[in-house]
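Quick note: to get our numbering, add 97 to the position in the sequence shown (first position is 1).
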Amino acid sequence: MPVEISEQQIRTLDLAPLQPWASLDPAALVQRAGSLELNFDWPQAAEDPRELSEIAELRLWSLRADAEYPWLPLVLERGSGQLTRHGAMLLPHQFSRTEGIRFAPEALELWMTHRLFGLDAWARSHNLGIRQGLTQMAAVLGFELDAQFWVGLPPV
Numbered sequence: 098m099p100v101e102i103s104e105q106q107i108r109t110l111d112l113a114p115l116q117p118w119a120s121l122d123p124a125a126l127v128q129r130a131g132s133l134e135l136n137f138d139w140p141q142a143a144e145d146p147r148e149l150s151e152i153a154e155l156r157l158w159s160l161r162a163d164a165e166y167p168w169l170p171l172v173l174e175r176g177s178g179q180l181t182r183h184g185a186m187l188l189p190h191q192f193s194r195t196e197g198i199r200f201a202p203e204a205l206e207l208w209m210t211h212r213l214f215g216l217d218a219w220a221r222s223h224n225l226g227i228r229q230g231l232t233q234m235a236a237v238l239g240f241e242l243d244a245q246f247w248v249g250l251p252p253v
């Protein structure tokens, strides 16, 4: 499900394009996991070699969206790189021609662990079990969970 984000919305940190998603109840958000596509309408000169995640204005908009809507990584599309691009907007990373994007390991571990704990607590507060989906979400970003990760946390 594509959502268009205009240059003006980016410049003013306007999250209105996400409002239809924000108005969904938690169960509906979980049902739509992995389906949201964010399309940034940002002018970029043909000779500008930067990736979208290297543009400060897009990173700032993404940081705000991630802070306001902590469930955002859960619903971002995964197969075409939407979730990975979102991670790149938030985390230090490098691009490799052979390996693609490589996140700074410590930054990825901290952000992903924080996000997993937060989303798990959010889901449990709504009687939703999403741990398998969270594990898959983490794997898309190259973060493999130890089998014992969920042990010790309150059950779903």
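Think of the CB as a built atom: it goes at the ideal place given N, C-alpha and C, for glycine as much as any other residue.
Per the Cβ contact rule, the stretch 195 to 212 is not in contact with the stretch 98 to 118 (fewer than 3 Cβ pairs under 8 Å). C-alpha of glutamate 203 to C-alpha of methionine 186: approximately 16 Å in a straight line.
Between glutamate 206 and phenylalanine 240, the alpha-carbon positions lie close to 7 Å from each other. Under the 10 Å beta carbon count, valine 172 is surrounded by 16 or more other beta carbons and is classified as buried. Taking the C-beta atoms as reference points, arginine 175 is found nearer than 8 Å to valine 237. When secondary structure is reduced to three states using DSSP, valine 253 falls in the coil class, being assigned neither helix nor strand. Alanine 162 places its beta carbon 8 Å or farther from that of leucine 155. Secondary structure at phenylalanine 240: coil, using DSSP grouped into helix, strand and coil. Between aspartate 217 and leucine 250 the beta-carbon gap is near 7 Å, inside 8 Å, which marks them as a contact. Using a Cβ distance threshold of 8 Å, serine 150 and arginine 108 do not count as a contacting pair. For the 8 Å CB-CB criterion, glycine 215 and proline 167 form a contact.
Counting every other CB atom within 10 Å of its CB across the protein chains shown gives glycine 184 a total of 16 or more, marking it as buried.
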